[in-house]
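Enquirer: Right, I'll just put the structure down here and ask away after.
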Amino acid sequence: MIMRKVRDQPRTTRQDLVNDLKRAGTTVSKKTISNTLRRHGLKSCSASKVPLLKPAHVQARLKFANDHLDDPEEEWEKVMWSDETKIELFGLNSTRRVWRKKKDEYNPKNTIPTVKHGGGNIILWVCFSEKGTGRLHRIEGRMDGVMYREILANNLLPSVRALKMGRGRVFQHDNDLKHTARETKEWLHKKHLKVLEWPSQAPDLNTIENLWKELKFQDR
């Protein structure tokens with residue numbers, strides 16, 4: 000009963016299981032339930048936060064993966080990755096606990112759908128490539144297209160030069176309207192920066208997420 004309930008509803012708490020078993024005529028402690036789950040390879044973990052995906056998003060992500068499936072490592076070394084993220088200075092984002100095995104971290108049952116920038120204390124922009132980390136910039140106020148292009152001029156270009164990224168370099172950013180605006184596209188074209196085509200709702204495909212994860216862990 001315990002394993003069936005947890006497999007069907009990973010967010011079930013130990014107290015839920017205690018109550019279910021009690022109604023079925025069996026009295027057990029929460030510690031006994033924990034031990035039982037661990038013997039089956041399950042442990043209580045924070046539910047991973049993933050972007051909320053519609054069917055069109057799923058298809059776009061698959062297309063991106065298939066299009067780049069055979070790209071050599073050298074091609075990815077030319078990419079300058081970038082992103083903005085929220086850092087909470089006072090307290091952590093709300094979390095949910097789930098019972099799962101290590102390999103099931105991104106099973107939809109074990110995740111929490113999210114949308115980007117749901118509020119917070121500060122917003123940071125950063126870029127990096129295989130050659131190293133670029134500049135980190137704190138965004139003050141509400142960012143519009145003009146501010147975004149200023150960030151690129153004052154941070155992206157110096158980072159490209161400092162990291163000695165040669166010809167054929169590629170810039171990655173997501174499909175935020177400020178990023179895809181005609182003025183931004185023209186600016187990038189004038190600076191000879193080819194842009195990596197990117198699927199919508201795919202922040203987790205950006206390798207920079209590993210950097211953000213480490214930064215937020217250090218901020219705890």
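All residue numbers for the sequence shown refer to numbering that gives the first Met the number 0, where the first residue is 0 and numbers rise by one.
For each residue, glycine too, the CB sits at the ideal point set by N, CA and C.
Leaving out the 5 sequence neighbours to the left and right, which residues in its chain are closer than 8 Å to Asp203 when beta-carbon positions are compared?
Expert: Val49 and Pro50
Enquirer: Measure the C-alpha to C-alpha separation of Trp197 and Glu74 and round it to an integer number of angstroms.
Expert: 15 Å
Enquirer: Given a cut-off of 7 Å, decide if Val17 and Thr11 are closer than it, judged by their beta-carbon atoms.
Expert: no
Enquirer: Between Lys102, Thr25 and Lys184, which lies nearest to Gly221 when the distance is taken from Cα to Cα?
Expert: This structure leaves residue 221 out entirely; the chain is present only between 0 and 219.
Enquirer: Mark Ala59 as exposed unless 16 or more other C-beta atoms lie within 10 angstroms of its C-beta, in which case mark it buried.
Expert: By the neighbour-count definition (other C-beta atoms within 10 Å, threshold 16), Ala59 is a buried residue.
Enquirer: Determine the direct distance from the alpha carbon of Arg137 to that of Val194, and round the result to whole angstroms.
Expert: 23 Å
Enquirer: What distance in whole Å lies between the Cβ atoms of Trp80 and Asn205, which are believed to be in contact at a cut-off of 8 Å?
Expert: 6 Å
Enquirer: So, at 7 Å on beta carbons, what are the nonlocal neighbours of Asn109 in its own chain, with the 5 sequence-adjacent residues on each side left out?
Expert: Pro9, Ala46, Ser47, Val97, Arg99 and Asp103
Enquirer: Are Trp124 and Ile150 touching if we call contact CB-CB under 7 Å?
Expert: yes
Enquirer: Between Val169 and Lys77, is the Cβ-Cβ spacing less than 7 Å?
Expert: yes
Enquirer: Can you list, in chain order, the residues of its chain whose CB lies under 7 Å from that of Gly167, leaving out five sequence neighbours each side?
Expert: Lys77
Enquirer: Mapping the DSSP letters down to three states, classify Trp75 as helix, strand or coil.
Expert: Reduced to three states, the DSSP call for Trp75 is helix.
Enquirer: Would you grab the beta carbon distance between Met0 and Ala23 for me? Rounded to a whole angstrom, and I think it's under 8 Å.
Expert: 7 Å
Enquirer: Quick one: which unbroken alpha helix (DSSP H) runs of 4-plus residues sit fully inside the region 108-161? Chain order, please.
Expert: 144-150 and 156-161
Enquirer: Can the beta-carbon of Arg148 be found less than 7 Å from the beta-carbon of Thr183?
Expert: yes
Enquirer: Taking the continuous beta strand (DSSP E) assigned at Gln171, which residues delimit it?
Expert: Val169 to Gln171
Enquirer: Below 8 Å on the Cβ atoms is my guess for Leu156 versus Lys190; work out the distance and round it to an integer in Å.
Expert: 7 Å
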